[in-house]
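Report on one structure; see the data block that follows.
Protein chains: 2
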Amino acid sequence: MDDDVTFAVLGTGGIGRRALDVARHKGGLTPVAACDRNGVAVDHSGLDVDELLDATEGNIASGPEADGDTPATPESDYASDGGLASHASETSSEPRSDGGATAAEGGSVGDDGTASDGVKQAGEDAGIVASAQGEPTETPIDDVIAESDAIDAVLLALPNLEHDFIPRVAERFADADYGGVLVDVLKRSRVIGMLDDRTDRLEDSGITFVCGAGATPGFLTGAAALAAQSFVEVDSVEIWWGVGLKSGYEDNRGTVREDIAHLDGYDIERAREMSESEIEALIDEHGGRLEFRDMEHADDVLLERAGICDAEDVSVGGVLDVRSDEKPTTTTVRVTGTTFDGERGTNTFELDDATSMAANVNGPALGYLKAAVLRNRAGDYGVYGPADVMPSF
Amino acid sequence: MDDDVTFAVLGTGGIGRRALDVARHKGGLTPVAACDRNGVAVDHSGLDVDELLDATEGNIASGPEADGDTPATPESDYASDGGLASHASETSSEPRSDGGATAAEGGSVGDDGTASDGVKQAGEDAGIVASAQGEPTETPIDDVIAESDAIDAVLLALPNLEHDFIPRVAERFADADYGGVLVDVLKRSRVIGMLDDRTDRLEDSGITFVCGAGATPGFLTGAAALAAQSFVEVDSVEIWWGVGLKSGYEDNRGTVREDIAHLDGYDIERAREMSESEIEALIDEHGGRLEFRDMEHADDVLLERAGICDAEDVSVGGVLDVRSDEKPTTTTVRVTGTTFDGERGTNTFELDDATSMAANVNGPALGYLKAAVLRNRAGDYGVYGPADVMPSF
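Protein chains in written order, with UniProt numbering: chain A, 1 to 393; chain B, 1 to 393.
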């Protein structure tokens, strides 16, 4: 079987850029296309990742969601696809608040990067067009789709726009009869349901879609699925993450704001309406560390659809420290269940504190991508979660 | 996709019996055939597992390898297939010593059961023929192959006969144009190579083979493959198991003898030649606990073929306590590597001491079996290791 995999990255914010970076260290992965809001770079013999990353460092093409100082580009297919309102209309100068993204160990675009919040420079000259490999375009996603015959897999590292943005992008690939792999790193349960609704359409096109394939959901969902193998009944899955975000704090202010919505006494609306100084006061009050319990993460839906346990038996929480790059707590998955011979126990998966959120998002995202390409080449189409690329329960 | 899986078990020793037992607790798995040396039971609407287990309890049809008081049945396809010498010819009244089986956390037939050593009753009336569902036969494997059109998957839980026994059985399924799943729980590296040599033949037939799919290799190999996802370079994989074998000791005397071959100053020949009282003396000397380092387990080959690390970077060891059912040490997988951003760390997977070897062999074996059936139905054929049913590295 041909092991070489060509892939594209849609979105070159934090996750997209780091995926390109991590792929340089992995065997058999050739990035052949990347796009952002303003531009596209395509080279079927392999992009020059060094040049692309250097040219876009601190220079990410993004919408106006974080700083509001540039107009949306409604003509772009990033923002104007059949009712996908530009993010500006939702949030104006407020950070976005779309109900699911967090700074949790892994997952959402923006979690560990600058996709939508850390805009260092915006406008038509920002991002990929600043690279010698980049071309300006008003239809970056369509431009990648036009090249997709020669692309084995596409990592959707797009900003968190409307909830149905990723499913709609997937549909556009299906409309073009794409027969390859799509992977996203989102974590909102409702997006996964929207993808499930499109399973037939994606299958007909020959698409293998692995959804929620970052750290959590993703890496840790897979760990839970594996740890469950000792048991015939799973009582609980506890996912607990630690993230140190000192150097990444400026890039993740909007994400931290969304995390605040998960704190006791807060919700999305309240977090959205807080001023920057109110947020700083809250963070001060907590000494820079925010602890979260019972977060809305799609690990629950993804483990339930894999037959491992009920969604309600899954809990996700963690600690975010915005004043240290050290993890404030160790990222751990604990799966408690009962064996066939009636013993109750807890299997544990623990990530070293030295492994960064970026490592734990992008390694697994590319790992799931490569695994999905092998499936796709074998003719295995449809929508999978991370727990489906594992021994079954 | 149809989630219901019909399966057969070849061999109803420790692993075969427990696989049937564990399957009762799992959804979507219907056992439709089982065989041992003397008999076969087939019911395409589902075997009565309660009856089968009751009838064969302490009554396992086996060859003469452990007690030597019954003749081999050379006419059986268990023992006389193209040069597969009956085990008796190797060992006469000595326990077998075929160079790889151990009491380690999971894997070989005989590890956690009585497939070949714990013969409580032998002869033509033993085993499956004692069940109301059983029929005597001289060609049990061929009888199952004859029914295999209606069998999605076959768990090869056969005694450790010749090293190429499992590959030859696989070949017989291919000769019959079987298009389904085969899973084994062996752990000898050379068997995996022999299966790899037969990949084309198995693929042509439409067989998806997951080899080494017990605990180690198997469950713990998969855990290592997953834990590696944080890293771009894996420096070492350390698999460390604990097994408490007090109540299972009598059934596993031959297996313990083979473990002794892994001790410093011992090898297979020396262990084979030891008398029972010499073995007891050795065990006494160690207070009932034997500790093993650098065991020959196929985890190394299986991780290398999945691209995760070099075989030589994998170490397997553990502690066997024959005087307690409590585990003498916690079964742990430690994967040390370097992240894309240059950090070195160790991710850890740990099984609760309450999870028995039997739970950790049979849960994963059936989990890999189910996963393989989904692959097979999608048209994905060939030989896979446990690390291949995971995100790729």
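Built from N, CA and C at the ideal position, the CB exists for glycine as well. Computed from a prediction, not measured in an experiment: that's the story for all the values here.
What do you get for residue i, buried or exposed, if any count of 16 or more other CB atoms within 10 angstroms of its CB means buried?
{"i": "residue 45 (chain B)", "result": "exposed"}
{"i": "residue 277 (chain A)", "result": "exposed"}
{"i": "residue 212 (chain B)", "result": "buried"}
{"i": "residue 17 (chain A)", "result": "buried"}
{"i": "residue 146 (chain B)", "result": "exposed"}
{"i": "residue 189 (chain A)", "result": "buried"}
{"i": "residue 180 (chain B)", "result": "buried"}
{"i": "residue 244 (chain B)", "result": "buried"}
{"i": "residue 230 (chain B)", "result": "buried"}
{"i": "residue 275 (chain A)", "result": "exposed"}
{"i": "residue 24 (chain B)", "result": "exposed"}
{"i": "residue 265 (chain B)", "result": "exposed"}
{"i": "residue 403 (chain B)", "result": "What the structure shows of chain B is the stretch from 1 to 393, and residue 403 (chain B) is not part of that stretch, so it cannot be assessed."}
Helix, strand or coil for residue i per DSSP?
{"i": "residue 348 (chain A)", "result": "strand"}
{"i": "residue 381 (chain A)", "result": "coil"}
{"i": "residue 391 (chain A)", "result": "coil"}
{"i": "residue 75 (chain B)", "result": "The predicted position of residue 75 (chain B) is uncertain, since its pLDDT is 45 and thus under 50; no value can be drawn from it."}
{"i": "residue 285 (chain A)", "result": "helix"}
{"i": "residue 173 (chain B)", "result": "helix"}
{"i": "residue 221 (chain A)", "result": "helix"}
{"i": "residue 373 (chain A)", "result": "helix"}
{"i": "residue 291 (chain A)", "result": "strand"}
{"i": "residue 250 (chain A)", "result": "helix"}
{"i": "residue 446 (chain A)", "result": "This structure cannot settle anything about residue 446 (chain A), because the visible part of chain A is limited to 1 through 393."}
{"i": "residue 165 (chain B)", "result": "helix"}
{"i": "residue 54 (chain B)", "result": "helix"}
{"i": "residue 356 (chain B)", "result": "coil"}
{"i": "residue 8 (chain B)", "result": "strand"}
{"i": "residue 226 (chain A)", "result": "helix"}
{"i": "residue 320 (chain A)", "result": "strand"}
{"i": "residue 296 (chain B)", "result": "coil"}
{"i": "residue 130 (chain A)", "result": "helix"}
{"i": "residue 28 (chain A)", "result": "coil"}
What do you reckon, are the CB atoms on residue i and residue j nearer than 7 Å?
{"i": "residue 127 (chain A)", "j": "residue 14 (chain A)", "result": "no"}
{"i": "residue 221 (chain A)", "j": "residue 382 (chain A)", "result": "no"}
{"i": "residue 372 (chain B)", "j": "residue 144 (chain B)", "result": "no"}
{"i": "residue 10 (chain B)", "j": "residue 186 (chain B)", "result": "no"}
{"i": "residue 225 (chain A)", "j": "residue 298 (chain A)", "result": "no"}
{"i": "residue 341 (chain A)", "j": "residue 247 (chain B)", "result": "no"}
{"i": "residue 353 (chain A)", "j": "residue 346 (chain B)", "result": "no"}
{"i": "residue 271 (chain A)", "j": "residue 349 (chain A)", "result": "no"}
{"i": "residue 5 (chain A)", "j": "residue 184 (chain A)", "result": "no"}
{"i": "residue 389 (chain A)", "j": "residue 391 (chain B)", "result": "yes"}
{"i": "residue 216 (chain B)", "j": "residue 192 (chain B)", "result": "no"}
{"i": "residue 393 (chain A)", "j": "residue 227 (chain A)", "result": "no"}
{"i": "residue 218 (chain B)", "j": "residue 329 (chain B)", "result": "no"}
{"i": "residue 237 (chain B)", "j": "residue 314 (chain B)", "result": "yes"}
Confirm the yes/no value for this check: CB of residue i, any heavy atom of the ligand GTP, distance under 6 Å.
{"i": "residue 392 (chain A)", "result": "This structure lacks the ligand GTP; in fact it carries no ligand of any kind."}
Measuring straight from C-alpha to C-alpha, what distance separates residue i and residue j?
{"i": "residue 325 (chain B)", "j": "residue 288 (chain A)", "result": "48 Å"}
{"i": "residue 83 (chain B)", "j": "residue 142 (chain B)", "result": "Low confidence applies here, because residue 83 (chain B) scores a pLDDT of 32, under 50, leaving its location unreliable and the question unanswered by this model."}
{"i": "residue 206 (chain B)", "j": "residue 176 (chain B)", "result": "11 Å"}
{"i": "residue 282 (chain A)", "j": "residue 337 (chain B)", "result": "37 Å"}
{"i": "residue 317 (chain A)", "j": "residue 268 (chain A)", "result": "17 Å"}
{"i": "residue 154 (chain A)", "j": "residue 309 (chain B)", "result": "26 Å"}
{"i": "residue 379 (chain B)", "j": "residue 261 (chain B)", "result": "42 Å"}
{"i": "residue 22 (chain A)", "j": "residue 54 (chain A)", "result": "15 Å"}
{"i": "residue 165 (chain B)", "j": "residue 41 (chain A)", "result": "54 Å"}
{"i": "residue 172 (chain A)", "j": "residue 8 (chain A)", "result": "15 Å"}
{"i": "residue 368 (chain A)", "j": "residue 386 (chain A)", "result": "7 Å"}
{"i": "residue 19 (chain A)", "j": "residue 253 (chain A)", "result": "22 Å"}
{"i": "residue 49 (chain B)", "j": "residue 290 (chain B)", "result": "35 Å"}
{"i": "residue 47 (chain B)", "j": "residue 57 (chain B)", "result": "16 Å"}
{"i": "residue 375 (chain A)", "j": "residue 28 (chain A)", "result": "16 Å"}
{"i": "residue 65 (chain A)", "j": "residue 163 (chain A)", "result": "A caution first: residue 65 (chain A) carries a pLDDT of 39, below 50, which makes its placement in the model unreliable, though a value can still be read off. Cα to Cα, the separation comes out at about 15 Å."}
Using a beta-carbon distance cut-off of less than 9 Å, what residues from the segment 227 to 239 of chain B approach chain A?
-> 227, 228, 229, 230, 231, 232, 233
With 9 Å as the limit, tell me which residues of the segment 373 to 388 of chain A have their beta carbon closer than that to any beta carbon of chain B; keep them in chain order.
-> 373, 374, 375, 377, 378, 379, 380, 381, 382, 386, 388
Positions along the segment 1 to 26 of chain B whose CB lies within less than 7 Å of some CB in chain A | Against chain A - using a Cβ distance shorter than 7 Å - the residues of the segment 1 to 26 of chain B are 21, 22, 25, 26.
Interface positions of the segment 323 to 334 of chain A facing chain B (Cβ-Cβ less than 8 Å), listed along the chain | Residues: none.
The segment 331 to 356 of chain B: positions lying closer than 8 Å to chain A by Cβ = 339, 340, 341, 343, 344, 345, 346, 347, 348, 349, 350, 351, 352, 353, 354, 355, 356
Residues, ordered as in the chain, of the segment 154 to 187 of chain B that lie near chain A by beta-carbon distance below 9 Å | none
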